[in-house]
Amino acid sequence: MSEFKINIEGNFLDSFIYSGVLFTIDVDGKLCTYSWNHLIKEYMRKDVQKKRFEKKLIDTRQDKNIKFEKDLVIELDQNFLEEYQKGICLDLDVWSTDLDIKDNILYISSERGLEALPFRESWDNGKIMSFNDLYKVWGESKVFGVSTGSWGRTLLAAGCHGALEVVNDVEQNNTVGLKQQEGKILNEEVCLDCEWELNSTIAILDQLDTQVLLEYEELISDSNFKFHARDTEEDRLKKIRERERIPQENISYLKEYITSGIPNNLENIAAYSWFDGKKLVGLDKENHSLFYDFTQNEWIVDDSKVLEENSYRKIRQTNAGIIIETEDDSLYRKMGNNNKLLSKDVSAWRVFPRSKNYQDRIHIINEDYLQISIFD
Numbered sequence: 003m004s005e006f007k008i009n010i011e012g013n014f015l016d017s018f019i020y021s022g023v024l025f026t027i028d029v030d031g032k033l034c035t036y037s038w039n040h041l042i043k044e045y046m047r048k049d050v051q052k053k054r055f056e057k058k059l060i061d062t063r064q065d066k067n068i069k070f071e072k073d074l075v076i077e078l079d080q081n082f083l084e085e086y087q088k089g090i091c092l093d094l095d096v097w098s099t100d101l102d103i104k105d106n107i108l109y110i111s112s113e114r115g116l117e118a119l120p121f122r123e124s125w126d127n128g129k130i131m132s133f134n135d136l137y138k139v140w141g142e143s144k145v146f147g148v149s150t151g152s153w154g155r156t157l158l159a160a161g162c163h164g165a166l167e168v169v170n171d172v173e174q175n176n177t178v179g180l181k182q183q184e185g186k187i188l189n190e191e192v193c194l195d196c197e198w199e200l201n202s203t204i205a206i207l208d209q210l211d212t213q214v215l216l217e218y219e220e221l222i223s224d225s226n227f228k229f230h231a232r233d234t235e236e237d238r239l240k241k242i243r244e245r246e247r248i249p250q251e252n253i254s255y256l257k258e259y260i261t262s263g264i265p266n267n268l269e270n271i272a273a274y275s276w277f278d279g280k281k282l283v284g285l286d287k288e289n290h291s292l293f294y295d296f297t298q299n300e301w302i303v304d305d306s307k308v309l310e311e312n313s314y315r316k317i318r319q320t321n322a323g324i325i326i327e328t329e330d331d332s333l334y335r336k337m338g339n340n341n342k343l344l345s346k347d348v349s350a351w352r353v354f355p356r357s358k359n360y361q362d363r364i365h366i367i368n369e370d371y372l373q374i375s376i377f378d
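Here the sequence shown is numbered in the working numbering, starting from 3 and rising by one per residue.
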């Protein structure tokens with residue numbers, strides 16, 4: 003249950019890590035990017051006793067056999083951040099409510115709706131020194147939560163406007179002739195948060211006192227319809243060959259489904275549900291463990307109890323246990339029968355279950371610092 007905490011000085015609203023870049027937004031609405039690799043390596047030059055953990059802190063896929071053995075803490079103050087930033091800052095002039103990143107596009111939800119900030123051409127081996135222009139994806143009301151999926155599809159939790167699905171203008175859509183579209187209504191009830199599963203086939207909508215579960219059709223992967231900066235000429239030619247093998251009628255159906263298809267509602271007996279990788283899991287009213295069997299289209303009840311009390315507000319999964327936020331703003335990590343307090347007064351937090359690199363960590367916004375905890 004040991005962890006390595008990196009406490010970053012500042013008054014933050016939110017943070018995110020993606021492809022080696024740390025993104026932060028402070029209470030003045032200022033967005034900053036940092037090369038995570040550079041920050042960690044520069045700090046370890048000053049604290050050589052912890053240098054053996056350097057690769058593990060940078061990327062969960064590296065040095066998997068190294069254990070922390072005990073809790074460790076390092077502090078990065080504002081002077082350190084400014085000196086070793088390798089990034090850029092810009093004023094958003096708004097308080098963000100949520101962030102997500104897909105295909106080198108930062109999605110920002112706020113009282114202005116949903117906006118997008120691309121950095122496709124400027125990402126350079128884990129650092130971003132410039133952005134393209136910020137543009138609006140949807141702006142009819144405040145958006146509380148955002149979750150990105152394949153083919154530029156994005157879920158919005160838009161409060162009193164319910165839950166919507168928009169389609170952004172991304173490379174893979176241009177390849178097949180899909181246009182940006184806004185405002186497909188999925189559910190008209192008040193929606194405060196949303197989350198899409200790794201393959202964009204299941205979505206969870208958080209309403210005032212319940213959840214709605216949506217099941218989408220599994221679509222053609224969009225991976226061969228977009229290029230990456232690191233792609234070689236051979237990679238690009240291979241992608242073109244793969245996409246040319248797909249029958250045109252399949253592409254036509256894909257476009258029709260994205261344009262007008264509506265997902266099915268799954269039966270929901272869970273008091274609360276979340277994703278464990280590609281699995282849909284949950285709790286019943288007595289806190290017994292549940293998982294959804296898609297071959298039988300039903301919930302399966304396990305007699306084991308995940309929690310002993312009903313004080314949870316939000317639950318998410320990491321590869322080092324589940325994270326539980328309680329009604330009194332405390333945050334815990336639970337692994338087996340062991341609970342560990344992460345924060346007594348959390349403002350906001352996020353984990354990265356869809357990431358290949360960062361499934362072992364959590365970002366916690368505390369009153370005057372960002373806490374990044376990396377778990378064994």
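Backbone N, C-alpha and C fix where the C-beta goes; we use that ideal spot for every residue, glycine too.
These numbers come from a predicted model, not from an experiment.
For arginine 318, the three-state DSSP class (helix, strand or coil): Within the sequence shown, the letter at position 316 stands for residue 318. Three-state result, arginine 318: strand.
Nearest-angstrom Cα separation, counted from alanine 231 out to lysine 240: Mapped onto the sequence shown, residue 240 falls at position 238. Mapped onto the sequence shown, residue 231 falls at position 229. Going from the Cα of lysine 240 to the Cα of alanine 231 covers about 15 Å.
C-beta contact flag for valine 148 and aspartate 102 at 8 Å: In the sequence shown, counting from the first residue as 1, residue 148 sits at position 146. In the sequence shown, counting from the first residue as 1, residue 102 sits at position 100. In contact: valine 148 and aspartate 102 (Cβ atoms closer than 8 Å).
Terminal residues of the beta strand (DSSP E) in which isoleucine 27 lies: For this step, residue 27 is matched to residue 25 along the sequence shown. Boundaries of the beta strand (DSSP E) harbouring isoleucine 27: 23-28, taken from the DSSP string.
Identity of the residues DSSP links to glutamate 77 by a beta bridge: As a position in the sequence shown, residue 77 is number 75, starting the count at 1. Glutamate 77 is bridged to Asn9.
One or two residues paired with glutamine 51 in a DSSP bridge: The count along the sequence shown starts at 1 and reaches residue 51 at position 49. None, per the DSSP bridge assignment.
Start-end ranges of the alpha helix (DSSP H) lying completely within the segment 250-312, minimum 4 residues: Counting only runs that start and end inside the segment 250-312, the alpha helix (DSSP H) elements of at least 4 residues fall at 250-262.
First and last residue of the uninterrupted alpha helix (DSSP H) at glutamate 236: The residue given as residue 236 occupies position 234 in the sequence shown. Per DSSP, glutamate 236 is one residue of the alpha helix (DSSP H) stretching across 235-246.
Sufficient close CB pairs (3 or more, under 8 Å) joining the segment 359-371 to the segment 13-32: yes
Inter-residue Cα distance where the pair is leucine 343 and methionine 337: Start at 1 with the first residue of the sequence shown, and residue 343 comes out as number 341. Start at 1 with the first residue of the sequence shown, and residue 337 comes out as number 335. For leucine 343 and methionine 337, the distance between alpha carbons rounds to 12 Å.
Coarse secondary structure for histidine 40, derived from DSSP in three states: Reading the sequence shown from its first residue, position 38 is the one you call residue 40. Helix, per DSSP.
Same chain only: Cβ atoms within 8 Å of serine 306, ignoring 5 sequence neighbours per side: Here residue 306 refers to the residue found at position 304 when the sequence shown is read from its first residue. Closer than 8 Å at the Cβ level, and outside the excluded window around serine 306, lie His290 and Ser291.
Whole-Å CB distance - asparagine 270 paired with glutamine 213, under 8 Å assumed: Reading the sequence shown from its first residue, position 268 is the one you call residue 270. Reading the sequence shown from its first residue, position 211 is the one you call residue 213. Contact holds; Cβ gap of about 6 Å.
Cβ-Cβ distance between threonine 150 and lysine 104 below 8 Å: Taking the sequence shown and counting its residues from 1, one reaches residue 150 at position 148. Taking the sequence shown and counting its residues from 1, one reaches residue 104 at position 102. With contacts defined by Cβ atoms closer than 8 Å, threonine 150 and lysine 104 form a contacting pair.
Residue range of the beta strand (DSSP E) that includes leucine 59: As a working note, residue 59 is residue 57 in the sequence shown. It is not in any beta strand (DSSP E) - leucine 59 instead sits in the alpha helix (DSSP H) that spans 56-60.
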